Amino acid sequence: MYLVVALLLFACLDVTIKHLASRYPVPLVVAVRYIVHFSLMTAVLAPHAGMKLVQTQRTGLVLIRAACLLVVSLFMTLALQRMPVAEATSIQFLAPMLVVLLARPVLGEKIGFARWASVIAGFGGVLLIARPGGQVDPIGLGFVMCSVTAGAAYQLLSRVLIRTESPIAMLFHSALMGSLCFGALLPWYWSGVSPSWAEIAMFLSLGFTGGLGHLLFTMAYREAPASVLAPVNYLQLLWAGLLGWLVFAQVPDQLGLLGMAIVAASGVFIALHSRAGSDAA
């Protein structure tokens, strides 16, 4: 249940980002998201966690991981500015498949034929979504592919660092770096901005929705094995498609829906295959 709600919150976050990015500069939207997230995280966790929030053993890799997440946030926001939510979200799910390709040279993991076939099928699904003459803006596609690449690096670093680092400390460093880097740009983008009260609420919700989503996501993975929950992550595609239709009246065409289904099925197969391998071990 935690994961289902977390994925709904992530879809709500993307919809809110898309709306705000259509009216305000992208660096401003990303900056407010990180600043609110960092402020809430500090206020809630600092009194209890204390120095554990900042203590790391491999600080360099933690900061590189945080930088990867910043790149994901920036390029995904740029993509949402130009693309429907469902299509952008489905292509973003290529990141776990790219992790499979990189797991052998980076982590020394073996990749069987079944996982290779699933990755190829997933890329085929993306080609259906992003085909010429479809609904995907080519510049937006370039942005989301940059986000996918950075997301794969982020996930690989997370798998390496989880052995030695606290998840809360890694999340704190990501929020801190995002606040500092994008916050430094605010003087150039905040001038002349006068959002309505409703938009102010939306800006504030970015940090709250993202923070609560990550909290519930973490709680879900404490309650159940990752191998069990991994296939459920693709429920976010359903939420993204539903909210994109309700808020923006955007509905993927038939080939786009087929591509999204292939991406989701490929990802679920990879997750289940990994689970079977873990059980066998």
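Each residue of the sequence shown is one higher than the last, beginning at 79 in the working numbering.
Built from N, CA and C at the ideal position, the CB exists for glycine as well.
Given the structure is predicted, the values throughout are model-derived calculations rather than measurements.
Can you tell which of the options has its C-alpha closest to the C-alpha of residue i?
i	options	result
residue 244	84, 132, 86 and 94	132
residue 250	129, 90, 89 and 278	129
residue 135	256, 239 and 122	239
residue 287	263, 265, 275 and 119	119
residue 93	231, 155, 273 and 202	155
residue 69	276, 224, 112 and 194	With the chain running from 79 to 359 in the structure shown, residue 69 is simply not present.
residue 165	318, 327 and 347	318
residue 91	291, 259 and 343	291
residue 314	81, 79, 80 and 85	85
residue 232	83, 115 and 143	143
residue 201	182, 215 and 223	223
residue 176	167, 203, 197 and 157	197
residue 339	139, 108 and 167	167
residue 255	100, 141, 104 and 103	141
residue 139	324, 235 and 252	235
For residue i and residue j, I'd like the C-alpha separation in whole angstroms.
i	j	result
residue 174	residue 345	7 Å
residue 336	residue 147	29 Å
residue 322	residue 217	20 Å
residue 229	residue 296	18 Å
residue 97	residue 188	42 Å
residue 272	residue 279	13 Å
residue 281	residue 191	45 Å
residue 342	residue 312	6 Å
residue 328	residue 289	27 Å
residue 326	residue 152	21 Å
residue 178	residue 199	13 Å
residue 117	residue 332	43 Å
residue 220	residue 157	8 Å
residue 246	residue 298	15 Å
residue 184	residue 159	33 Å
residue 181	residue 172	14 Å
residue 101	residue 114	19 Å
residue 347	residue 310	12 Å
Pick helix, strand or coil for residue i, following the three-state DSSP scheme.
i	result
residue 269	coil
residue 182	helix
residue 233	helix
residue 88	helix
residue 376	Nothing about residue 376 can be read from this structure; the chain reaches only from 79 to 359.
residue 318	helix
residue 133	coil
residue 332	helix
residue 244	coil
residue 117	helix
residue 79	coil
residue 225	helix
residue 283	helix
residue 344	helix
residue 122	helix
residue 188	coil
residue 109	helix
residue 238	helix
residue 327	coil
Which stretch, first to last residue, makes up the alpha helix (DSSP H) that contains residue i?
i	result
residue 154	137-160
residue 102	Run containing residue 102: none; DSSP gives neither H nor E here.
residue 195	191-207
residue 169	163-170
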